[in-house]
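Residue numbers (our numbering), protein chains in the order written: chain C, 1 to 235; chain E, 236 to 470. The beta carbon of each residue, even a glycine, is placed where N, CA and C say it ideally should be. Working notes, structure below.
Protein chains: 2
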Amino acid sequence: MTLRIAEIFGPTVQGEGILIGEPTVFVRAGGCDYRCAWCDSLHAVDSAYRDTWVPMTPEAIMAEVRRLSGGQPLTVSISGGNPAIQDFAPVIAIGQEEGYRFALETQGSIAQDWFAGLDTLVLSPKPPSSGHRTDWLKFDRCLAAAERAGQTVMKIVIFDKTDLAYARAAHDRHPQLPLFLQPGNPEVDPQSPVDLDQTTARLRWLIDETVGKGWLTPRILPQLHVLIWGNQRGV
Amino acid sequence: MTLRIAEIFGPTVQGEGILIGEPTVFVRAGGCDYRCAWCDSLHAVDSAYRDTWVPMTPEAIMAEVRRLSGGQPLTVSISGGNPAIQDFAPVIAIGQEEGYRFALETQGSIAQDWFAGLDTLVLSPKPPSSGHRTDWLKFDRCLAAAERAGQTVMKIVIFDKTDLAYARAAHDRHPQLPLFLQPGNPEVDPQSPVDLDQTTARLRWLIDETVGKGWLTPRILPQLHVLIWGNQRGV
């Protein structure tokens, strides 16, 4: 059994959400059931890149993670694309045996029984600016599958006020889920430098529109890796 | 009974450490037993500013927090100066009754029984670049006082490799404490703009010197408020 892997890199710091700043090795799965308008990982999504995805056994994936971390257990973030398309249960089983912790990032469109074994499940439903509509029934199935996971949180990317209204409705639907918002990044070309002033201005805008207007529930965070490395890949 | 308060402001987002991104009202106490070489809050430390510190009763402090948050319970961060010099127990008691949560930031030089009632205690022992030496006996007393607090974490500011060695030793001494490192900020003049490129370069350096060299324990975070607002006060 093999999995399609777009890239494995690290250790670096997690740039987003509840584990922000945490030393992490990233395992990025190839393939996605979504095609968000502003996707920042098209190389793991668009089937035009399919030739660059490597079929790897769970043991080969963990061997690479082990090599990168020098054998020190750390947090492994499984992302994509949508990694829930494939079966990561064996990877998680091998890794946890050795003390590695696993976080999974998925939009919540496909539920898997193995979510129950995760240390952290990050559900990031996609707001209207993505061009997708959320199927909340499927999202709820993901939540149910993760009932016994270490922690489950919700993370939403915000480009505009319509996205913000969506985030509020998502929170009303799942008030028990810790909520993290981050400004969307329209500059996703890995060849172009990121404008730091504009990146921080977007964060300021998001804080003004939430905390500044009395919505005190979500935690507001940047994409740290964009601030640090721009859109460079592999960091 | 009154407390010396340098400023109360917010709601804004917590810029540092374990609660980074969390909507927060800050209560900054006046007065400090330390005088760090790179202090970014001299207006709450140096007795030259003593005239600007307002004596407030616990009820008056919570009335101001309530006014700022529109009566919505949120996280209140008590900082300074060293807020452990004074008795914040009554403030915490009044606030928690109404659903407010309390975090305290202190260097760990003065222990108080009321640490036990905190939701979050952030102990930030000062590295050699501060010009101070840590009295670990006093630090341990702070830890003991906070045994029943919600969570206790350690946060250390890093300016150079000597500070990094100190952080490693601090972690070896208290391996059970979640550890957060942040790059020091040498640009603390509120009148001068912060250089974003240099600020992110310092974060990159710290990641290179920790994660990049196989030290995978600490979480590495920026001072978000410096990235967003520079050294402006009241945000």
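Using the DSSP secondary-structure output, state which residues sit across from residue i in a beta bridge.
{"i": "E:THR341", "result": "E:LEU358"}
{"i": "C:PRO55", "result": "C:ARG4"}
{"i": "E:ARG386", "result": "Note that residue 386 of chain E is Gln in the sequence shown here, rather than Arg. Answer is E:THR355."}
{"i": "C:PHE9", "result": "C:PHE26"}
{"i": "C:PHE180", "result": "C:LYS155, C:ARG219"}
{"i": "E:SER312", "result": "E:PHE261, E:ALA338"}
Cβ closer than 9 Å: which chain E residues qualify as neighbours of residue i?
{"i": "C:PRO11", "result": "VAL446, GLY447, GLY449, LEU451"}
{"i": "C:GLY70", "result": "GLY449, LEU451"}
Between residue i and chain E, is the shortest Cβ-Cβ distance under 8 Å, so that the two count as touching?
{"i": "C:ILE20", "result": "yes"}
{"i": "C:LEU203", "result": "yes"}
{"i": "C:LEU227", "result": "yes"}
{"i": "C:ARG173", "result": "no"}
{"i": "C:ARG219", "result": "yes"}
{"i": "C:ILE207", "result": "yes"}
Just the C-alpha distance for residue i and residue j, rounded to the nearest angstrom, thanks.
{"i": "C:ASP87", "j": "C:SER124", "result": "19 Å"}
{"i": "E:HIS409", "j": "E:LYS361", "result": "15 Å"}
{"i": "C:ARG148", "j": "C:ILE61", "result": "25 Å"}
{"i": "E:ILE455", "j": "E:THR310", "result": "22 Å"}
{"i": "C:PRO195", "j": "E:GLY352", "result": "In the sequence as displayed, the identity of residue 195 of chain C is Asp instead of Pro. Distance between the alpha carbons of C:ASP195 and E:GLY352 is about 44 Å."}
{"i": "E:HIS406", "j": "E:SER312", "result": "24 Å"}
{"i": "C:ALA146", "j": "C:THR152", "result": "7 Å"}
{"i": "E:ASP268", "j": "C:TRP53", "result": "58 Å"}
{"i": "C:THR210", "j": "E:GLN307", "result": "14 Å"}
{"i": "C:ASN231", "j": "C:SER129", "result": "20 Å"}
{"i": "C:ARG24", "j": "C:ARG202", "result": "Contrary to the premise, residue 24 of chain C reads as Thr rather than Arg in this sequence. So the two alpha carbons sit approximately 26 Å from each other."}
{"i": "C:THR120", "j": "E:PRO290", "result": "45 Å"}
{"i": "E:ASP398", "j": "C:LEU216", "result": "35 Å"}
{"i": "E:ALA402", "j": "E:ASP370", "result": "14 Å"}
{"i": "C:VAL226", "j": "E:PHE261", "result": "28 Å"}
{"i": "E:GLY256", "j": "C:LEU181", "result": "9 Å"}
{"i": "C:GLY80", "j": "C:SER69", "result": "20 Å"}
{"i": "E:THR292", "j": "E:THR341", "result": "21 Å"}
{"i": "C:LEU179", "j": "C:MET154", "result": "5 Å"}
{"i": "E:GLY265", "j": "E:VAL326", "result": "15 Å"}
{"i": "E:TRP273", "j": "E:ALA279", "result": "14 Å"}
{"i": "E:PRO418", "j": "C:MET1", "result": "44 Å"}
{"i": "C:LEU224", "j": "C:ASP197", "result": "14 Å"}
{"i": "C:ALA103", "j": "E:ARG376", "result": "35 Å"}
{"i": "E:GLY449", "j": "E:LEU441", "result": "12 Å"}
{"i": "C:GLY236", "j": "E:ILE243", "result": "Absent from the model: residue 236 of chain C. The displayed extent of chain C is 1 to 235, so no value can be given."}
{"i": "C:LYS161", "j": "E:LEU378", "result": "44 Å"}
{"i": "C:HIS132", "j": "E:TRP349", "result": "50 Å"}
{"i": "E:LEU254", "j": "C:THR199", "result": "21 Å"}
{"i": "E:ILE463", "j": "E:PRO318", "result": "25 Å"}
{"i": "E:GLN426", "j": "E:GLU294", "result": "33 Å"}
Just the chain C side, please: which residues come within less than 9 Å of residue i by C-beta, in chain order?
{"i": "E:ILE345", "result": "Ordered by position in chain C, no residue passes the 9 Å Cβ test against E:ILE345, which lies about 28 Å from the chain."}
Run down chain E in chain order and give the residues with a C-beta less than 8 Å from the C-beta of residue i.
{"i": "C:ASP197", "result": "LEU431"}
{"i": "C:THR200", "result": "LEU431, LEU462, ILE463"}
Can you confirm whether residue i, when its beta carbon is compared against all beta carbons of chain C, has any partner nearer than 8 Å?
{"i": "E:PRO258", "result": "yes"}
Kindly list, in the order they appear in chain E, the residues whose Cβ is closer than 7 Å to that of residue i.
{"i": "C:ILE158", "result": "Those within 7 Å of C:ILE158 in chain E number zero; the least Cβ separation is about 13 Å."}
Residues of chain C with CB closer than 8 Å to the CB of residue i, please, in chain order.
{"i": "E:LEU309", "result": "LEU216"}
Tell me whether residue i, by its Cβ, gets closer than 7 Å to a heavy atom of the ligand HEM.
{"i": "C:LEU123", "result": "For the ligand HEM, the structure offers nothing, since it holds no ligand at all."}
Is there a Cβ of chain D sitting closer than 8 Å to that of residue i, yes or no?
{"i": "C:ILE94", "result": "No chain D appears in this structure, whose protein chains are C and E."}
Hey, is the segment 46 to 57 of chain C in contact with the segment 10 to 25 of chain C, meaning 3+ C-beta pairs nearer than 8 Å?
no
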